[in-house]
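Q:
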Amino acid sequence: MKTVMTASPKATSRCSIAMAKPSLPLKRLLWAFIVFSLSQSSLQNDDDDEVSNKTWVLTPKVYESDVTHILNSLLDGYDNKLRPDIGVKPTVIHTDMFVNSIGPVNAINMEYTIDIFFAQTWYDRRLKFNSTMKVLRLNSNMVGKIWIPDTFFRNSKKADAHWITTPNRMLRIWNDGRILYTLRLTIDAECQLKLNNFPMDEHSCPLEFSSYGYPKEEIMYRWKRSSVEVGDIRSWRLYQFSFVGLRNTTETVRTVS
């Protein structure tokens with residue numbers, strides 16, 4: 348028996364985490380500015396005696412039966428084994444990520460732990476619908492009924508999805524066929540630490556993901572603008588390390604299939 352192995356290129360996206368001296372979290376400054384602006388507007392409204400005219404836009408009320416009818420119509424004849432635009436063009440997956448926490452970093456096992464919200468957005472023309480409702484907000488029960496990208500994290504040693512008190516997954520379907528799928532993950536990822544210059548060393552730990560089964564001719568990953576955001580780093584368990592920042596890149600790798 349002869350086994351033939353072929354190499355197929357895949358687009359891989361990478362999020363690198365640099366650790367050294369801490370930097371000032373820009374998001375906290377921006378959030379403080381937004382709160383101040385809202386407070387200032389509230390004070391102005393309290394001192395303003397003028398009567399403002401409001402224009403009300405009336406839209407038809409959407410009932411539960413309407414949503415059920417839309418979902419049943421979308422799934423009628425839908426094949427979730429086939430990706431969108433198969434045989435026509437690649438399916439483009441736009442990704443972004445919110446980092447809840449990083450740490451601890453295990454220098455002995457050469458790995459680190461990261462807790463993230465991972466979001467993927469794509470278009471599926473088969474899921475377009477005509478309704479006064481612009482978006483269907485659905486829970487995890489709908490996930491297995493439509494096509495979902497087979498994204499996996501290439502350098503993960505262990506990955507856990509969050510299930511308490513319910514699966515931490517969310518699905519949104521817009522009337523133009525746009526799909527948003529988010530889930531929360533905790534990942535133990537490989538990071539080759541070079542400790543030659545300890546304790547003055549600096550490290551960059553990657554988090555790599557790609558499609559498990561599709562080559563780049565069928566699925567393409569694209570980062571959104573401001574695609575990686577960071578939560579409050581004060582609760583991170585980095586211990587002997589300090590967080591510097593994040594950066595994201597995209598590259599093509601060859602895999603054996």
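Reading the sequence shown from the start, the letters are residues 348 to 604 in the numbering used here.
Each residue gets a CB set at the ideal place from its N, CA and C atoms; glycine is no exception.
Computed from a prediction, not measured in an experiment: that's the story for all the values here.
Quick one: grab the DSSP three-state call for R473.
A: Mapped onto the sequence shown, residue 473 falls at position 126. DSSP places R473 in helix when its eight states are reduced to three.
Q: If I follow the unbroken beta strand (DSSP E) through E576, where does it start and stop?
A: What you label residue 576 is simply residue 229 of the sequence shown in a count that begins at 1. E576 -> beta strand (DSSP E) spans I566 to V577.
Q: Looking only at its own chain, which residues have a Cβ that is under 6 Å from the Cβ of T597, when we skip the five neighbours before and after it?
A: As a first step, residue 597 must be located in the sequence shown, where it is residue number 250. Closer than 6 Å at Cβ, skipping near neighbours: S360.
Q: Could you check whether Q587 and M457 sit closer than 9 Å to each other, using their CB atoms as the reference points?
A: Along the sequence shown, read from residue 1 onward, the residue named residue 457 stands at position 110. Along the sequence shown, read from residue 1 onward, the residue named residue 587 stands at position 240. Going by C-beta atoms, M457 is not nearer than 9 Å to Q587.
Q: Pull up the distance between the alpha-carbon of L532 and that of M480, whole angstroms please.
A: Counting from 1 along the sequence shown, the entry for residue 532 is found at position 185. Counting from 1 along the sequence shown, the entry for residue 480 is found at position 133. Near 30 Å, if we compare the C-alpha coordinates of M480 and L532.
Q: Report the start-end ranges of each beta strand (DSSP E) in the region 461-510 that is 3 residues or longer and not cut off at the edges.
A: Runs of the beta strand (DSSP E) inside the region 461-510: 482-485, 498-500 and 503-508.
Q: Considering only the beta carbon of each residue, do L421 and I520 sit closer than 9 Å?
A: If you number the sequence shown from 1, residue 421 lands on position 74. If you number the sequence shown from 1, residue 520 lands on position 173. Going by C-beta atoms, L421 is nearer than 9 Å to I520.
Q: So who's on the other strand from N427, going by DSSP bridges?
A: For the purposes of this step, residue 427 is identified with residue 80 of the sequence shown, where counting begins at 1. According to DSSP, N427 bridges with nothing at all.
Q: Whole angstroms is fine: what's the gap from G450's alpha carbon to V435's?
A: What you label residue 450 is simply residue 103 of the sequence shown in a count that begins at 1. What you label residue 435 is simply residue 88 of the sequence shown in a count that begins at 1. Each residue's alpha carbon lies about 43 Å from the other.
Q: Whose C-alpha, out of Y425, A536, I566 and I526, is nearest the C-alpha of E609?
A: In the structure as shown, the chain starts at 348 and stops at 604, and residue 609 therefore has no counterpart that could be examined.
Q: Based on Cα-Cα distance, which residue from N427, Y459, N447 and G491 lies nearest to V616?
A: A question about residue 616 goes unanswered here, because the residues of the chain that appear run from 348 up to 604.
Q: Since L485 contacts L518 with CB under 8 Å, what's their CB separation in whole angstroms?
A: For the purposes of this step, residue 485 is taken as residue 138 along the sequence shown, with counting starting at 1. For the purposes of this step, residue 518 is taken as residue 171 along the sequence shown, with counting starting at 1. Right, the Cβ-Cβ distance comes to about 4 Å (below 8 Å), so this counts as a contact.
Q: Under the DSSP definition of a beta bridge, which residues are partnered with V452?
A: As a first step, residue 452 is located in the sequence shown; it is residue number 105 there, counting from the start. Paired residue(s): Y459.
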